[in-house]
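Asker: The structure is given below, and queries will be raised subsequently.
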Amino acid sequence: MERTRRTFTPEFKLQMVRLFENGKSKSEIVREYDLTPSALDKWVKNHQSTGSFNHIDNLSDEERELRKLRKENQQLTMENDILVLQR
Numbered sequence: 001m002e003r004t005r006r007t008f009t010p011e012f013k014l015q016m017v018r019l020f021e022n023g024k025s026k027s028e029i030v031r032e033y034d035l036t037p038s039a040l041d042k043w044v045k046n047h048q049s050t051g052s053f054n055h056i057d058n059l060s061d062e063e064r065e066l067r068k069l070r071k072e073n074q075q076l077t078m079e080n081d082i083l084v085l086q087r
């Protein structure tokens, strides 16, 4: 049976991380709150590394740079297309 995708608030994620940090096992948390082990692992990792659950906040410097360059490339491509059409 396929799980439906659920979203969780940052407050809920922090509460789950705190339960783990205070000694409750991951398997107990996953079972009790019907979570996937990978979701809990990701929340713990993100909280320990950056203290944030936002995807953007958890990007490496290289990923941020790549995202910035892709956005810049897209903008320049659009500007170039406009200039070509004006000829």
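Residue numbers (UniProt numbering): 1 to 87.
We put the beta carbon where it would ideally sit given N, CA and C, even for glycine.
(1) Could you compute how far the alpha carbon of N78 sits from the alpha carbon of R64?
(2) On a Cα-Cα basis, can you pick out the residue from N80, Q75, E21, L35 that is closest to T4?
(3) How about F20 and V44: do their beta carbons lie closer than 9 Å?
(4) Measure the C-alpha to C-alpha separation of T27 and T50 and round it to an integer number of angstroms.
Answerer: So, from the data block:
(1) The sequence shown places Met at residue 78, not Asn. Spanning the two alpha carbons is a distance of roughly 21 Å.
(2) L35
(3) yes
(4) Note on residue identity: the sequence assigns Ser, not Thr, to residue 27. Roughly 24 Å separates the two Cα atoms.
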